[in-house]
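Read through the structure below, which is laid out as structure tokens, and then see the notes.
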Amino acid sequence: TTVGQYEAIARFVLEDEVNYNEIPDMTASLIIEKATYDMSNVAFEDMAFEYDGTEKAVIIEGELPEGVTVEYENNTGIEVGEYLATARFIGDDINYHPIEEMLAMLMIYEKLEINSEDYRIIESDGVQYIGFVEEGTTIREFKEKINIQQIEVYKNGILIEDYDEIITTETEIRIRVGIEIKTFIILVKGDITRDGIVNDADLLMLARYMVGCEREVEYVNEASLRASDVYEDGIYATDADLLALAKMLLK
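Numbering (my numbering), first residue to last: 1 to 251.
Printed below as a string of structure tokens:
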């Protein structure tokens, strides 16, 4: 039975028409209203992709109710840019309320490149490092070198707004890429103490760390260890690094 209003009639038949009066008919209205599709398990979310020359698409997630199909508009793209996609749903418009269309943003962004011959990205265990930044480099100078202006800089979780401040080992750089925020940890060559200044304190800390002094072993974290690769052979806290750091301090 479809949506609508129906008049129902009940007629009564007497078995004993001699002794009983006739019973008049009774009427009632049956109203069937439109139902609402359950779309609680269907989502149409923003998506971001790195440009690689192939077509990208944003589509619904989840299972559509029985009898419902979807049509898309502007949900694919190849070139860098933003595409506002529409998902329109087609169902039983006689017995169900129309389903509201959904919107989502398809974003295709340029591959993030650190545009500097001086730096390279090192990835390890899901963490991305940028190294090596020279001692005394300010945030402003770093931004100019990598040629990316829209960055946020954090030290110990605190946003740094003074771009004349010196970058230290473990300074955190956050760069928006599409709808994502990519985080990089800065490495300053030889800055094992993570204060942005390479001096005898770094040499002493590295030496004490290498012989297993408890305080230094506790202090030196992954960023410090990577900053100790002054010899730049990919091996950390070695005699070669200690000698290279000593030579660097003598210059």
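Every residue gets a Cβ at the ideal spot worked out from N, C-alpha and C, and that includes glycine.
Alpha carbon to alpha carbon, how far is residue j from residue i? Give it in angstroms, no decimals.
| i | j | result |
| --- | --- | --- |
| A138 | E165 | Residue 138 is actually Thr in this sequence, not Ala. Distance between the alpha carbons of T138 and E165 is about 5 Å. |
| F49 | E180 | 10 Å |
| T193 | D52 | 40 Å |
| E45 | G62 | 11 Å |
| L225 | E66 | 58 Å |
| L112 | G136 | 25 Å |
| S40 | I99 | 12 Å |
| L242 | D233 | 13 Å |
| E123 | T86 | 37 Å |
| L252 | N74 | Not covered by the structure: residue 252. The range shown for the chain is 1 to 251. |
| I32 | A8 | 13 Å |
| D191 | Y209 | 14 Å |
| I121 | I60 | 35 Å |
| H97 | K34 | 6 Å |
Just list the residues that DSSP pairs residue i with in beta bridges.
| i | result |
| --- | --- |
| V177 | E180 |
| L252 | Because the chain spans 1 through 251 in this model, residue 252 falls outside it and cannot be assessed. |
| V68 | DSSP, once it has assigned bridges, lists no residue as partnering V68. |
| E152 | R174 |
| V220 | Bridge partners of V220: none, in fact. |
| E141 | Answer is none; E141 lacks a bridge partner. |
| E7 | S29 |
| V188 | V133 |
| A43 | E61 |
If you count every other CB in all the chains shown that lies within 10 Å of the CB of residue i, and 16 or more means buried, which is it?
| i | result |
| --- | --- |
| M107 | buried |
| R11 | exposed |
| M26 | exposed |
| S29 | exposed |
| Y6 | exposed |
| A43 | exposed |
| I146 | buried |
| E216 | buried |
| V13 | exposed |
| E153 | Correcting the residue type first, residue 153 is Val in the shown sequence and not Glu. Buried, because 16 or more other Cβ atoms sit within 10 Å of the Cβ of V153. |
| D202 | buried |
| Y20 | exposed |
| T69 | exposed |
| Y129 | buried |
| T183 | exposed |
| G131 | buried |
| D229 | buried |
What whole-angstrom Cβ distance do residue i and residue j have, given they're in contact under 8 Å?
| i | j | result |
| --- | --- | --- |
| I293 | E161 | The structure shown does not extend to residue 293, since the chain is modelled only from 1 to 251, so the question has no answer here. |
| N95 | T36 | Their Cβ separation, rounded to whole angstroms, is 11 Å, which puts N95 and T36 out of contact at 8 Å. |
| A223 | L187 | 6 Å |
| V133 | Y109 | Contact doesn't hold; Cβ gap of about 25 Å is too wide. |
| G77 | Y83 | 5 Å |
| A237 | K189 | No, A237 and K189 are not in contact; Cβ-Cβ is about 14 Å, not under 8 Å. |
Residue i CB to nearest chain B CB: under 7 Å?
| i | result |
| --- | --- |
| I160 | Looking for chain B here will not work: only one protein chain is present. |
What I want to know is whether the C-beta of residue i ends up closer than 6 Å to one or more non-hydrogen atoms of the ligand MG.
| i | result |
| --- | --- |
| P24 | Inclusion of the ligand MG in the displayed structure is not the case, the ligand content being empty and no account of it being possible. |
Are the segment 198-215 and the segment 235-248 in contact at 8 Å, needing three or more beta carbon pairs?
-> With a cut-off of 8 Å, the segment 235-248 and the segment 198-215 count as touching, because enough Cβ pairs lie within range.
Specify whether the segment 55-62 and the segment 113-122 touch according to this definition: at least 3 beta carbon pairs, one from each stretch, less than 8 Å apart.
-> The count of Cβ pairs closer than 8 Å, one atom from the segment 55-62 and one from the segment 113-122, stays below three, leaving the stretches out of contact.
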